[in-house]
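Colleague: Take the sequence shown: its letters are residues -18 to 152, numbered as in the numbering used here. Where is the CB? At the ideal position from N, CA and C, for every residue including glycine. All values reported here derive from a predicted model rather than from experimental measurement. Input: one structure, supplied below.
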Amino acid sequence: MSTSTDTQGPLSAAAYGYEPGEGRRLWIVGDTMTFKATAAQTGGSIAAVEVLAAPGGGPPPHVHRDEDEMWYVLDGEFEILAGEETLRLGAGGFAFVPRGTLHRFENVSDTPSRVLIVFTPGGFEGFFFEAGLPAVAGAEAPPVGTEEIERTRRAAPRYGLELEWPQEMSG
C-alpha cells in the first residue's frame, strides 16, 4: 500500500491554500500536473492535482489497487472510461471510479484543457513524483518517451498501478 511516508515524510494535516498556478508542477504522459494537495499535507486523506492536458492527452487505461479516483472538469471536454462505461463531460462535469476499476481520461477538446483529479486515500502522488519530470516554467510538456515509460514501469508496482499499454508503448 502506498503512503506519503514513502516519498514525503510523516503525515500531518494543517490548513493551507494555494493561489491559481501554485503547487508542485511536473510533466507526465505529455500533460502538466500541478499538485494542490498531497497525503503529507492532508494527513493521508487525499491527493489532488490539476492536470493541463493537451488535445488527446491523458494516461493509458489503468487500475489503482488502493485508491478511488474522481475528476472535476474545469474547462474543455474530457472522456472518462469508467469500467464498461464511457462518460463525456464538459466544464462542471464530475466522475468517480472506485479502486479496482479500469479507467482513463482523455482531453477530447481541440485546445489544452484542465481537470482536477482527486485520489483517496492520498499517497498515489508518489508515483507521479517518481515517473514524471519537474515542469519547466513557460515550456510545454514533452511527449512520452522511452525513459518515461521505463520510470513508469519501475514505479507502477510500488503504487498498486496496473497499466494497459497502447501497442506503440508496449515495447
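What first and last residue would you give for the alpha helix (DSSP H) that runs through R134?
Modeller: T127 to A136
Colleague: Would you tell me roughly how many angstroms separate the C-alpha atoms of R69 and T15, rounded to the nearest one?
Modeller: Spanning the two alpha carbons is a distance of roughly 23 Å.
Colleague: Helix, strand or coil for G107? Go by DSSP, reduced to three states.
Modeller: G107 sits in a helix when the DSSP states are folded into three classes.
Colleague: Apply the 10 Å Cβ neighbour rule to A20 and answer buried if 16 or more other Cβ atoms are within range, or exposed otherwise.
Modeller: buried
Colleague: When the Cα atoms are used, what is the spatial distance from A137 to E143?
Modeller: 7 Å
Colleague: How many angstroms separate the CA atom of G73 from the CA atom of T23?
Modeller: A direct Cα-Cα distance of roughly 24 Å separates G73 from T23.
Colleague: Compute the beta-carbon to beta-carbon distance between R85 and L62, rounded to the nearest angstrom, for a pair I have assumed lies under 8 Å.
Modeller: 5 Å
Colleague: Which runs of the beta strand (DSSP E), 3 residues or longer, sit entirely within the stretch 30 to 79?
Modeller: 43 to 45, 49 to 54, 58 to 63, 66 to 71 and 75 to 78
Colleague: So, helix, strand or coil for A112, using DSSP?
Modeller: helix
Colleague: If I follow the unbroken beta strand (DSSP E) through I27, where does it start and stop?
Modeller: From DSSP, I27 is part of no beta strand (DSSP E); its letter is neither H nor E.
Colleague: Is the CB-CB distance between G103 and I9 below 7 Å?
Modeller: Going by C-beta atoms, G103 is not nearer than 7 Å to I9.
Colleague: Taking its Cβ as the centre, do 16 or more other Cβ atoms sit within 10 Å of M(-18), making it buried, or is it exposed?
Modeller: The predicted position of M(-18) is uncertain, since its pLDDT is 39 and thus under 50; a value taken from the coordinates is nonetheless stated next. It is exposed - the Cβ of M(-18) has fewer than 16 other Cβ atoms within 10 Å.
Colleague: Locate the beta strand (DSSP E) running through V96, then write down its first and last residues.
Modeller: Boundaries of the beta strand (DSSP E) harbouring V96: S94 to T101, taken from the DSSP string.
Colleague: Give me, in chain order, the residues of the same chain whose beta-carbon lies closer than 6 Å to that of I27; leave out the 5 immediate sequence neighbours on both sides.
Modeller: A18, V99, T101 and G103
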